[in-house]
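Peer 1:
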Amino acid sequence: MLKSWGIFLVALLTLAACSTPAPTVPAATPLVQVVEVEVTETSRSTITLTPEPTRRPLPTPTVFSAPAASRFKYRIIAYYPSWAVYARKYFPVHVPVQQLTHLNYAFGKIDPDTLQCVYVDSPVDDANFGDFRRLKQVYPHFKVLLSLGGWTLSNGFSDAALTPESRQELVKSCIDLYLGTHPDAIDGFDIDWEYPVGGGVETNTYRPEDKHNLTLLMQEFRRQLDEVGQQNGQTYLLTAAVPASQSLADHFELKELSAVLDWMNLMAYDFHGAWSKTTNFNAPLYKAKDDPEESNNVDAAVKYYLAAGVPPRKLNLGVPFYGRGWGNVPPGNDGLYQSTDELPVGTFTYGYYDYWDIPTRYTSQNGFIRYWNDEAKVPWLYNPTDRVFITYDDPESIGFKADYIIAQGLGGVMAWDLSGDDGTLLSTLFYRLYARSAWGRP
Numbered sequence: 005m006l007k008s009w010g011i012f013l014v015a016l017l018t019l020a021a022c023s024t025p026a027p028t029v030p031a032a033t034p035l036v037q038v039v040e041v042e043v044t045e046t047s048r049s050t051i052t053l054t055p056e057p058t059r060r061p062l063p064t065p066t067v068f069s070a071p072a073a074s075r076f077k078y079r080i081i082a083y084y085p086s087w088a089v090y091a092r093k094y095f096p097v098h099v100p101v102q103q104l105t106h107l108n109y110a111f112g113k114i115d116p117d118t119l120q121c122v123y124v125d126s127p128v129d130d131a132n133f134g135d136f137r138r139l140k141q142v143y144p145h146f147k148v149l150l151s152l153g154g155w156t157l158s159n160g161f162s163d164a165a166l167t168p169e170s171r172q173e174l175v176k177s178c179i180d181l182y183l184g185t186h187p188d189a190i191d192g193f194d195i196d197w198e199y200p201v202g203g204g205v206e207t208n209t210y211r212p213e214d215k216h217n218l219t220l221l222m223q224e225f226r227r228q229l230d231e232v233g234q235q236n237g238q239t240y241l242l243t244a245a246v247p248a249s250q251s252l253a254d255h256f257e258l259k260e261l262s263a264v265l266d267w268m269n270l271m272a273y274d275f276h277g278a279w280s281k282t283t284n285f286n287a288p289l290y291k292a293k294d295d296p297e298e299s300n301n302v303d304a305a306v307k308y309y310l311a312a313g314v315p316p317r318k319l320n321l322g323v324p325f326y327g328r329g330w331g332n333v334p335p336g337n338d339g340l341y342q343s344t345d346e347l348p349v350g351t352f353t354y355g356y357y358d359y360w361d362i363p364t365r366y367t368s369q370n371g372f373i374r375y376w377n378d379e380a381k382v383p384w385l386y387n388p389t390d391r392v393f394i395t396y397d398d399p400e401s402i403g404f405k406a407d408y409i410i411a412q413g414l415g416g417v418m419a420w421d422l423s424g425d426d427g428t429l430l431s432t433l434f435y436r437l438y439a440r441s442a443w444g445r446p
């Protein structure tokens, strides 16, 4: 019932985007059901929450007309992780295709022994690709890219990118595996090497040559994709996920890459998290005056990429559909910029909160108080009794980021990840970046 109403609202919004006047957009209904369960975490920070949300089984969305691809002035891209079908019970049929231009399916990986592309979860991957193929038949504007790598699956890139022969074999194996097996489901590749030269998982292989070898690898992907496209009359996309950290971005030949790629997805989040010993914002749009860190914000990252020669229209701004938290946080400054090394219980992982969980159990309830930093343009939550601090994005902060995309002339937005949303954040982005521009409003 709740999901059906949410689908009706999304349908109304999307259909109205093609006409005038603009309707008032209500908040989306969270895709959760509430059960009376007490959650107590005692091994680290202690917090008791009642009730605990679990995802409601979602019905098949109603089919209705989506905007033509040409009507989207900005790209609206989201990652879909293959593991979303497990604990989160989020399946391809639940993807709000009408509000997206592209979906990045996470992840494929490189076998560290053979240096070939392989599935991560073959039964799930095959089933998901079949579902995406059917969605694309109904919504021809919708494109799906296979994202290769990610934080835990980037070991293998350095070896595979090392020589002309290894690059050629890797790319061929990816094309054979994904485009050869699922030609009607996949429209290209998104390369998420985390990270060349260093900065990723400690056990990954790194080389100083990674910086240039990444460019050579992208050139080989582009060459082979164009060759296959000429044979079958298709145009395949090639994109990359790139870091917001300037120290990591220094290991990318940004201007050269931008000439090869269709676009870059700037991972403008995780400026702070479980690895940090001081509470701070996950994805601040701007630097707050009291923030001791000068460059750990979205605006600084975007300006770095533009100064490096990346065309604005080839840069998509990444936004998080999740929050991060700390426990045992002192009450000074309402928990902000306080020292701690403890993590609270999250949605499924310590210190990590799916967005749909935050308004259900935390925002202005269970002892949490919502605060807003008008310089950074992001909210945070603090519970002075349980001493828990949560940094996250909500419709207000996401709206500021959508406006920033427009003001900077960027190509669009990318979100990690769809399974963390309750429909509210994506609807906000869609309204700001598509519907509002379609109605000709500022």
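All letters in the sequence shown, in the order written, are residues 5 to 446 by our numbering. Every residue gets a Cβ at the ideal spot worked out from N, C-alpha and C, and that includes glycine. The model shown is predicted, which means the values in this text are computed figures rather than measured ones.
1) On the DSSP bridge assignment, give the partners of Q214 in chain order.
2) Using only alpha-carbon positions, find the residue among P96, A189, K281, V264 that is nearest to Y341.
3) Take the Cβ of P127 as the centre, count every other Cβ of all protein chains shown within 10 Å, and call the residue buried at 16 or more, exposed below.
4) Are there three or more Cβ pairs, one per stretch, closer than 8 Å when the region 229-249 is compared with the region 377-386?
5) Taking the beta strand (DSSP E) that A131 falls in, what are its first and last residues?
6) S162 and D194 look like a contact to me (Cβ under 8 Å); what is the Cβ gap, rounded to whole Å?
7) Ignore the nearest five residues each way along the sequence and tell me which others in A312's own chain have a CB closer than 8 Å to its CB.
8) If you follow the beta strand (DSSP E) that P247 is in, where does it begin and where does it stop?
9) Compare the beta carbon distance of V175 and E213 with 7 Å and say whether it is the shorter of the two.
10) L149 and G192 - do their beta-carbons sit closer together than 7 Å?
11) Looking only at its chain, what residues have a beta carbon closer than 6 Å to the beta carbon of G450, apart from the 5 residues adjacent to it on each side?
12) Could you pull the DSSP bridge partners for Y109 from this structure?
13) Are the beta-carbon atoms of L321 and V246 separated by less than 7 Å?
14) Would T243 and D274 be called neighbours here (beta carbons separated by less than 7 Å)?
15) Residues in its own chain within less than 6 Å of H255 by CB, not counting five upstream and five downstream?
16) Could you check whether T207 and L261 sit closer than 7 Å to each other, using their CB atoms as the reference points?
17) Which residue's Cα is closest to the Cα of Y83: Y366, L430, T185?
18) So what does M222 bridge to, in DSSP terms?
19) Between which two residues does the beta strand (DSSP E) containing P383 stretch?
20) Any idea what DSSP makes of D358, helix, strand or coil?
21) Within 10 Å of its beta-carbon, does E198 have 16 or more other beta-carbons around it, so buried, or fewer, so exposed?
Peer 2: Reading from the atomic positions:
1) The question names Gln, but residue 214 is Asp in the sequence shown. In DSSP, D214 forms no bridge with anything.
2) K281
3) exposed
4) no
5) A131 -> not in any beta strand (DSSP E); alpha helix (DSSP H) instead, spanning 126-142.
6) With 8 Å as the limit, S162 and D194 do not qualify as a contact, their Cβ atoms being about 19 Å apart.
7) Result list for A312: A253, L258, K259, in chain order.
8) 241-247
9) no
10) yes
11) As shown, the chain starts at 5 and ends at 446. That puts residue 450 outside it, with no answer to give.
12) Y84, L150
13) no
14) Taking 7 Å as the Cβ cut-off, T243 and D274 do not qualify as a contacting pair.
15) P200, V201, K215
16) no
17) With distances taken between Cα atoms, Y83 lies closest to L430.
18) Residue pairing for M222: DSSP places it in no beta bridge.
19) 382-387
20) strand
21) buried
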